[in-house]
Amino acid sequence: MTSQFETDIAERLKRDRGKLSATPLKARADIYGRVERLADGVVRVSGLPTLGLNELVKFEGGQSGIVLNLERDWFDAVVLDEVENLTAGSKVFATGEVIKVPVGEGLLGRIIDPLGRPLDDKGKVLSNQRQAIEKAAPAIIDRALVNKPLPTGILTIDSLFALGRGQRELIIGDRAIGKTSIAVDAIINQKSSDITCVYVAIGQRATAVERAIESIKTHGAPERCIF
889 MTSQFETDIA ERLKRDRGKL SATPLKARAD IYGRVERLAD GVVRVSGLPT LGLNELVKFE
949 GGQSGIVLNL ERDWFDAVVL DEVENLTAGS KVFATGEVIK VPVGEGLLGR IIDPLGRPLD
1009 DKGKVLSNQR QAIEKAAPAI IDRALVNKPL PTGILTIDSL FALGRGQREL IIGDRAIGKT
1069 SIAVDAIINQ KSSDITCVYV AIGQRATAVE RAIESIKTHG APERCIF
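Using the working numbering, the letters of the sequence shown correspond one by one to residues 889 to 1115.
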């Protein structure tokens, strides 16, 4: 007569044998590069000779990066996440894909990072379509004519310059003279129009970005803006 202990041992051995028989014992090869150095969010990586320009790479800590420079024995990539756990010697894996981001009306009113991941508290970005961030621009002859005005709502600018929809304009000047204020005011003044505005913050302090977004939310139409 077997005891309960012996019965439990027999059942456990049976389960373990089943797991072992279902476990593949084949060798697996992983191809990865290594971080050689890290500075200001840019990493130099050795290895991965088949990598392509603008390709998405993954670091062993879960961070993502984009390849911006290719050399014979190494490449440079910009890290698109926090770099606290990223050090020299960390593994880097190729994905074989260029960076694609969600596009469409699901982005309206949202705050996202460079990969299209939400930075607000509104949940996942609802979009069924993704497009590469780098692609050829339409030929000049295929573009729509610039035949509609784009009023900024700033009397001095609208009086001196004839701005049109689809027209490229630069706001050039020294630091701290109000360039961002002009752009934010122009976005706010589109509250009564049908224009979609995109605010992209590059190299800005988080507090300055938050102030700009709050100003647009308070005085403008954030539901037609993408941050």
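Ideal Cβ positions, reconstructed from N, Cα and C, are used throughout, including at glycine.
Using the DSSP secondary-structure output, state which residues sit across from K946 in a beta bridge. S952 and F981
Are the beta-carbon atoms belonging to G997 and Q1017 less than 8 Å from one another? no
query = Taking buried to mean at least 16 other C-beta atoms within 10 Å of its own C-beta, is Q1078 buried or exposed?
reply = Buried is the call here.
Margin query: Taking the alpha carbon of P1037 as the reference point, which residue from R1053, I1028 and R1031 has its own alpha carbon closest?
Written below: Per the C-alpha coordinates, the member of R1053, I1028 and R1031 positioned closest to P1037 is R1053.
Which residues mark the beginning and the end of the beta strand (DSSP E) in which V1097 is found?
Careful: V1097 lies outside any beta strand (DSSP E), inside the alpha helix (DSSP H) at A1094 to H1107.
Between F1115 and the rest of its own chain, which residues show a CB-CB distance below 6 Å, the 5 nearest in sequence each way excluded? I999, Y1087 and I1101
| request: Check each candidate in S1103, R1099 and E1111 and name the one with the smallest Cα separation from S1080. | output: E1111
Residues bridged to P1037 by DSSP?
G1052
Tell me which residue opens and which closes the alpha helix (DSSP H) that K988 is part of. That residue, K988, is in no alpha helix (DSSP H); its beta strand (DSSP E) goes K988 to V991.
Could you name the residues of the same chain whose beta carbon sits closer than 8 Å to that of V980, not counting the 5 residues immediately before and after it, in chain order?
Y920, G921, R922, V923, V931, V933, G935, L936, V945, K946, F947, E948, G953 and A965
Quiz item: What distance in whole Å lies between the Cβ atoms of T1040 and A1096, which are believed to be in contact at a cut-off of 8 Å?
Solution: In this structure A1096 is not in contact with T1040, their Cβ atoms being roughly 21 Å apart against a cut-off of 8 Å.
Checklist entry - If you draw a straight line from the alpha carbon of A898 to that of R905, how long is it in whole angstroms? => result 11 Å
Note to self: If you follow the alpha helix (DSSP H) that A1071 is in, where does it begin and where does it stop?
What the structure shows: K1067 to I1076
| message | If you follow the beta strand (DSSP E) that D964 is in, where does it begin and where does it stop? | response | W962 to V967
Anyone know if the C-beta pair for L968 and P912 falls short of 8 Å? no
message: Comparing C-alpha positions only, which one of P1006, E972 and N1035 sits nearest to G994?
response: P1006
- Item | Unbroken beta strand (DSSP E) run spanning V923, endpoints | G921 to A927
TODO: Could you tell me which residues DSSP pairs with A1020 in its beta bridges?
DONE: K988
- Are L835 and F963 closer than 8 Å when you measure CB to CB? The question about residue 835 has no answer, for the chain in this structure spans 889 to 1115.
Where the beta strand (DSSP E) through V931 begins and ends: V930 to S934
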